[in-house]
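Okay, structure first, notes after.
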Amino acid sequence: MADDFQDVSGEGELLDQTDIDALISEAMDEPDEIIYDPEGNKVKTQKGTRIEPYDFRNPIFLTEVELRRVRIRNEEFIRYLAARLSIFLRLEYSLKMSSLSTSTYAEFTETIPNPAHVVLFKMEQLFGVGVIDINPRLALTMVDRMLGGKGHSVQGERYLTEIEMNLVDDVVSIVLDEWCRQWKVEQELDASIIGHESNGRFLETAPADSIMLVLTMEAGVGDCSESIKIGIPYYTLEPIIRKMYENKEKEINPEIVGSKKIWQGTFDDVDIPIRAEWDADSMSVKEVSHLRPGDVIRFPRTVLNETRIRLANTCKFRGEVGLDNNKVAVRISEKLKKRNEEK
């Protein structure tokens, strides 16, 4: 038995350094990622392919470029807002961006503490309701300063009284005014406060699964440093973000402004219904009720020269009805202007 063991150990193959390096390299190589094509078939990706997880419950509604532009716009908003609040409170007011992220409405409301001071606002030109969450300690510290105090941090957290909420609304009005001012290139906005809440659990200003853009700021006034959150639904921001993107594209590529749209070859075989029609005359209800097959309705001859040609559901041309090779035809005389097109 001992001899057998010696034979095995003596005849065993030893790995040289090249073999060891090959094994280490093979172990360190990243395995090919497996993805699925639209038909559901497994497809091996090439090395270096970047694959990112996608959460369908929290979809990304902004591209990286759009999110970067929105971030820059919010950084400008924070800088100007800090200056305005410093002047308003006559005390240094520091603001910095903690985060700019997206979340569902349900997740956003769950992060609102209790007690809280929540302000609901709405832009008249946009659809939806926005939410501002101000930490009560920060709100009470600002109230103390507005009433002549030194702006020392208030100990403990509690709900705000009606008078305190009205005073904080003056600060919130400045926040909303500055936020709207940052978007005036895209659209003139007018924001107004529409309500208050003291607990995030009772908020139902948007569907639970709707996507929110949440700006979290760290605010410092006196010796108090707390957070302010602004949450706005995506469907509210979508129109102005789309305009921001269009304006940026025009700046980058001014030659595309006013350029003609490219005709797609697939349009060539689309069938469009065409009709000829007139505004001939009018009849009373009594006359219409007595109409029978074989009756003749007389129209003035001028209607032939006032024939409207309707393409699909839009009147595009005016023409004259006549005969061409024993077939009824319409000769186009003019193209109708857009304001005269009937849809």
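Under our numbering, the first residue of the sequence shown is numbered 1, with each subsequent residue one higher. Using N, Cα and C, we set each Cβ at its ideal position, and we do this for glycine too. Just so it is clear, the structure is predicted and the values come from calculations on it, not from any experiment.
| Asked | Found |
| --- | --- |
| Does the beta-carbon distance from Tyr105 to Ala191 come in below 7 Å? | no |
| Would you mind working out which of Glu157, Tyr159, Ile35 and Leu126 sits nearest Tyr235, comparing C-alpha positions? | Leu126 |
| Figure out for me which residue from Glu157, Leu213, Cys180 and Val285 has the closest Cα to the Cα of Ile232. | Leu213 |
| Using only the alpha-carbon positions, how far apart do Leu91 and Glu124 sit? | 32 Å |
| So, using beta-carbon positions, are Ile134 and Gly200 closer together than 7 Å? | no |
| Spatial neighbours of Ala208 within its chain, please: CB distance less than 8 Å, with the 5 preceding and 5 following residues excluded, ordered by chain position. | Thr104, Tyr105 and Ala106 |
| Report the option in Ala280, Ile252 and Gly265 whose CA atom is closest to the CA atom of Arg301. | Ala280 |
| Could you pull out every residue in the same chain whose Cβ sits closer than 8 Å to the Cβ of Lys96, ignoring the five residues on either side in sequence? | Ile78, Met217 and Glu218 |
| Beta-carbon separation of Asp223 and Ser153 under 7 Å? | yes |
| Decide if the stretch 153 to 167 is in contact with the stretch 179 to 195; the criterion is three or more beta carbon pairs, one per stretch, under 8 Å apart. | no |
| Assuming Leu215 and Leu311 form a contact by the criterion Cβ under 8 Å, report the distance between their Cβ atoms to the nearest whole angstrom. | Incorrect: roughly 48 Å between the Cβ atoms, too far for contact. |
| Distance check for Ser210 and Val65, CA to CA, integer angstroms please. | 22 Å |
| Report the rounded CA-to-CA distance for Val321 versus Lys337, giving the unit in angstroms. | 21 Å |
| So the alpha helix (DSSP H) Lys141 belongs to, where does it begin and stop? | Rather than Lys, the amino acid found at residue 141 in this sequence is Thr. Thr141 -> alpha helix (DSSP H) spans Pro136 to Met146. |
| DSSP state of Lys337, grouped into three classes? | coil |
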